[in-house]
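In my numbering, the protein residues as written are -15 to 492. Quick reminder that beta carbons are idealized off the backbone N, C-alpha and C, glycines included. These numbers were taken from a predicted model, which means no experiment stands behind them.
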Amino acid sequence: MSASPIYDIAIIGGGVNGTAIARDAAGRGLSVYLCEAGDLAQGTSSASTKLFHGGLRYLEYYDFLLVRHSLIEREMLLSAMPHIARPLRFVLPYHKGLRPAWLLRMGLFIYDHLDFRLGKRKMLPGTKTLDLTKDVTGKPLKSEFRKGFEYSDGWVDDARLVVLNARDAANRGATIAVQSPCTKAARVNGQWQVSVQDKLTGETHDITARALVNAGGPWVGKIINDTLQVTSSDRIRLVRGSHIVVPKLFDHDRAYIFQQGDGRIIFAIPFQEDFTLIGTTDVDHKTGLDKIVCTDEEAQYLCRAASEYFSETIDPASVVWTYSGVRPLYDDGASSATEATRDYVLKREGKATEAPLINVFGGKITTHRYLAAQVMDKLKPEFPRMAKSWTAGAPLPGGDFARDGIEAQKDRLQTAFAFLDDAWAWRLIRAYGTLAHEMLKGAREASDLGQDFGASLTERELRYLAQHEWAHSGEDVLWRRTKLGLRLTDAQKNEVAAFMDKLARAKT
């Protein structure tokens, strides 16, 4: 029997933190193995509000360090992935009876200046005061909202962020194994022996690693207790955040942040051209992790919360899609889910003579790169010759163009492939960036791309996603690699699912 392959680092979890760690480690010259029980970003990482933001509301809890780190990262990340992320302006209407206007303005002043690195903030404009009776952003709102503030943050396609981190890691030599749960891991002879089951074939194989990272997200505790069977006093608090998607509520390109009487806030964000995304809730999650859904009560709450501001009443019957994710927050003893810290905690487990284990608790999508760099710092004693930190400002695959150059990239793609209309070209550039040329290579007309599944989704794209982005199912394609599930009919979705199943079976 052949010996199991030996890696420097094994990572459990294919969410944003796991793939970012894999990317960072592989780029430093380490051999990396990442296993994910389902699809990349199948859990929390594709169920965010899709923002690169500092976390304006965290200022109320005096979490200044988290907000500062997030603001610094926000600027850097927007530059590194201009195809899947972009600056976004947010409108905060003043609501009489809630936080006073002076307090809102002071908080936004701090938010604008907390990243106080001289000369470093170049991309995003600061806060300004709005007269909502005259500004276009006031038109969709009730007439009682006459004053507001507009500030900057960023939007990101969260699921594609994860996939592109994984692709960059693989480009640098990492092994990415999806649909491959870790069934057992134990220290053997000073190393980690890791057992992984391939769900597609049913086969189990072992790998050996000098260090192990548990980036299991909401499953981090279960992995500690059941898979690794190690003792830990650390606990996580599972908080569910749910979102609803409705037909477009406004025609401009800005988003809204709405205060609520219960102390919480919600966002209303332009989404996929023809829709508005509304979220999120903050509810302690008490049920299992097998099926996480937006409850009827949460959907109704979001409809009521948004309807308090919009002149158009939002009826739950108008909701076209919901999604929900569970945030694995480090349990700091906060009294409510809203108050629980969004910062992450990294714990190194084991004696100095033992193979190290790093458990990742909590975190937010904006700080994924910084988190990965800190994990690598904790592993320096084992890998003293690894290369220095490199990811700050390094573009993700497809993002190798100027942050203000996306329209030029769209035009370039249409010049190379004249059969693309504007909507099709924009979709491809915003998903793949410069890699869209690789996917379409050799095509002279649309028929060269094979079967048309609707909404510009072709056989060529499905094969590309299976070969280069680890997609195995219709759900992987329609709700994570793209959001075309919002546009296809049920019959078309079934055709996509059948085609992806056929591709998956051909691999086994």
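>> Cutting at 7 Å between CB atoms, please list the residues of its own chain near Ala409, excluding the five before and the five after it.
In response: Numbered from its first residue, the sequence shown carries residue 409 at position 425. Excluding sequence neighbours, Ala409 sits near Lys394, Leu397, Gln398.
> Is the number of C-beta pairs between the segment 213 to 226 and the segment 329 to 347 that are closer than 8 Å three or more?
Replying inline: yes
> Can you tell which of Phe133, Asp436, Asp119 has its C-alpha closest to the C-alpha of Thr511?
Replying inline: Because residue 511 is not part of the residues shown, which for the chain are -15 to 492, the question remains open.
> Alpha carbon to alpha carbon, how far is Leu92 from Arg238?
Replying inline: Numbered from its first residue, the sequence shown carries residue 92 at position 108. Numbered from its first residue, the sequence shown carries residue 238 at position 254. Distance between the alpha carbons of Leu92 and Arg238: 17 Å.
>> Contact defined as beta carbons within less than 8 Å: I believe Val146 pairs with Gly(-1). What is the distance between those atoms, to the nearest angstrom?
In response: Along the sequence shown, one-based indexing puts residue 146 at 162. Along the sequence shown, one-based indexing puts residue -1 at 15. With 8 Å as the limit, Val146 and Gly(-1) qualify as a contact, their Cβ atoms being about 6 Å apart.
> How many Å lie between Lys372 and Gly2 at the Cα?
Replying inline: For the purposes of this step, residue 372 is taken as residue 388 along the sequence shown, with counting starting at 1. For the purposes of this step, residue 2 is taken as residue 18 along the sequence shown, with counting starting at 1. Distance between the alpha carbons of Lys372 and Gly2: 19 Å.
> By Cβ distance below 6 Å, which residues in the same chain neighbour Pro66 in space, the five residues on each side in sequence not counted?
Replying inline: Working through the sequence shown from its first residue, we reach residue 66 at position 82. Closer than 6 Å at the Cβ level, and outside the excluded window around Pro66, lie Gly383, Arg387, Ile390.
> Which value, in whole angstroms, describes the spacing of the CA atoms of Arg171 and Glu338?
Replying inline: The count along the sequence shown starts at 1 and reaches residue 171 at position 187. The count along the sequence shown starts at 1 and reaches residue 338 at position 354. So the two alpha carbons sit approximately 8 Å from each other.
> So, helix, strand or coil for Cys287, using DSSP?
Replying inline: Here residue 287 refers to the residue found at position 303 when the sequence shown is read from its first residue. Here Cys287 sits in helix by DSSP.
> By a C-beta neighbour count over all protein chains shown, 10 Å radius and 16 as the cutoff for buried, is Trp374 buried or exposed?
Replying inline: In the sequence shown, counting from the first residue as 1, residue 374 sits at position 390. The residue in question, Trp374, is exposed, as its Cβ has fewer than 16 Cβ neighbours within 10 Å.
> Cα separation between Ser30 and Gly225?
Replying inline: Here residue 30 corresponds to residue number 46 of the sequence shown, with the count starting at 1. Here residue 225 corresponds to residue number 241 of the sequence shown, with the count starting at 1. Those two C-alpha atoms are separated by around 12 Å.
> DSSP three-state call for Val329: helix, strand or coil?
Replying inline: The count along the sequence shown starts at 1 and reaches residue 329 at position 345. Strand at Val329.
> Which of the three DSSP states, helix, strand or coil, is assigned to Met(-15)?
Replying inline: Translated into positions along the sequence shown, residue -15 becomes position 1. Note that Met(-15) has pLDDT 41, beneath the 50 cutoff, so the model's placement of it is unreliable and no number is given.
> Relative to the C-alpha of Leu233, which residue among Phe259, His227, Gly247, Ile250 is closest?
Replying inline: To locate residue 233, count along the sequence shown from 1; it is residue 249. Closest by alpha carbon: Phe259.
>> Can you tell me where the alpha helix (DSSP H) holding Gly91 begins and where it ends?
In response: Along the sequence shown, read from residue 1 onward, the residue named residue 91 stands at position 107. Gly91 -> alpha helix (DSSP H) spans 85 to 97.
>> What does the Cβ neighbour count give for Thr306, buried or exposed, with the cut at 16 atoms within 10 Å?
In response: Sequence index remark: in the sequence shown, residue 306 carries index 322 (1-based). Classification of Thr306: buried, given that the 10 Å Cβ count is 16 or more.
> So the beta strand (DSSP E) Trp463 belongs to, where does it begin and stop?
Replying inline: Working through the sequence shown from its first residue, we reach residue 463 at position 479. Segment: none, Trp463 is in no beta strand (DSSP E) and carries neither H nor E.
> Rounded to a whole number of angstroms, what is the C-alpha to C-alpha distance between Tyr328 and Thr113?
Replying inline: Along the sequence shown, one-based indexing puts residue 328 at 344. Along the sequence shown, one-based indexing puts residue 113 at 129. Answer to the nearest angstrom: the Cα atoms are 33 Å apart.
>> What does the alpha-carbon distance come out to for the pair Leu261 and Thr192?
In response: What you label residue 261 is simply residue 277 of the sequence shown in a count that begins at 1. What you label residue 192 is simply residue 208 of the sequence shown in a count that begins at 1. When rounded, the distance between both Cα atoms is 43 Å.
>> Threshold first: 4 residues or longer. Then list the alpha helix (DSSP H) segments lying entirely within the segment 98 to 185, N to C.
In response: 142 to 155
> Which whole-angstrom value is the C-beta distance of Ile249 and Phe255, which I expect to be below 8 Å?
Replying inline: In the sequence shown, the residue the question calls residue 249 occupies position 265. In the sequence shown, the residue the question calls residue 255 occupies position 271. Their Cβ separation, rounded to whole angstroms, is 18 Å, which puts Ile249 and Phe255 out of contact at 8 Å.
> With a cut-off of 8 Å, do at least 3 Cβ pairs link the segment 8 to 21 to the segment 146 to 166?
Replying inline: yes
> If we ignore side chains and look at the alpha-carbon of each, how far apart do Ile208 and Phe36 end up?
Replying inline: Residue numbering aside, residue 208 sits at position 224 when the sequence shown is read from its first letter. Residue numbering aside, residue 36 sits at position 52 when the sequence shown is read from its first letter. The C-alpha of Ile208 lies about 29 Å from the C-alpha of Phe36.
> Count the other CB atoms within 10 Å of the CB of Leu49; is the residue buried (16 or more) or exposed (fewer)?
Replying inline: As a first step, residue 49 must be located in the sequence shown, where it is residue number 65. Exposed is the call here.
> Quick one: what's got a C-beta closer than 7 Å to Asp436's C-beta in the same chain, skipping five residues either side?
Replying inline: Reading the sequence shown from its first residue, position 452 is the one you call residue 436. Within the same chain, Asp436 has close Cβ partners Thr442.
> Around the Cβ of Leu87, are there at least 16 other Cβ atoms within 10 angstroms (buried) or fewer (exposed)?
Replying inline: Locating residue 87 in the sequence shown gives position 103, counting from the first residue. Here Leu87 is exposed, its C-beta having fewer than 16 other C-beta atoms within 10 Å.
> CB-CB under 8 Å to Tyr285, same chain, minus the five flanking residues each way: which ones, in chain order?
Replying inline: As a first step, residue 285 is located in the sequence shown; it is residue number 301 there, counting from the start. The residues are Thr265.
>> Distance check for Val303 and Val229, CA to CA, integer angstroms please.
In response: Walking along the sequence shown from the start, residue 229 turns up at place 245. Walking along the sequence shown from the start, residue 303 turns up at place 319. Roughly 6 Å between the two C-alpha positions.
>> If I measure Cβ to Cβ from Val120 and keep anything under 7 Å in the same chain, skipping five residues before and after, which residues do I get?
In response: Here residue 120 refers to the residue found at position 136 of the sequence shown. His236, listed in sequence order.
> What are the partner residues of Leu341, as DSSP defines its beta bridges?
Replying inline: As a working mapping, residue 341 is identified with position 357 in the sequence shown. Partner(s): Leu196, Glu333.
> Does DSSP put Pro300 in a helix, a strand or coil?
Replying inline: Sequence index remark: in the sequence shown, residue 300 carries index 316 (1-based). Correct three-state label for Pro300: helix.
> Roughly how far, in whole angstroms, is the beta-carbon of Ala(-6) from the beta-carbon of Trp176, given that I think they are within contact range, below 8 Å?
Replying inline: In the sequence shown, counting from the first residue as 1, residue -6 sits at position 10. In the sequence shown, counting from the first residue as 1, residue 176 sits at position 192. Yes, Ala(-6) and Trp176 are in contact; Cβ-Cβ is about 6 Å, under 8 Å.
>> For the alpha helix (DSSP H) containing Arg248, name the first residue and the last one.
In response: Mapped onto the sequence shown, residue 248 falls at position 264. Counting along the chain, Arg248 sits inside no alpha helix (DSSP H), nor does DSSP assign it H or E at all.
>> Between the alpha carbons of Ala488 and Leu446, how many angstroms are there, rounded?
In response: Numbered from 1 along the sequence shown, position 504 holds the residue referred to as residue 488. Numbered from 1 along the sequence shown, position 462 holds the residue referred to as residue 446. Those two C-alpha atoms are separated by around 11 Å.
> What residue does the alpha helix (DSSP H) around His67 start on, and which one ends it?
Replying inline: Sequence index remark: in the sequence shown, residue 67 carries index 83 (1-based). Here His67 belongs to no alpha helix (DSSP H), and DSSP marks it neither H nor E.
> According to DSSP, is Thr492 helix, strand or coil?
Replying inline: Here residue 492 refers to the residue found at position 508 when the sequence shown is read from its first residue. It is coil, neither helix nor strand.
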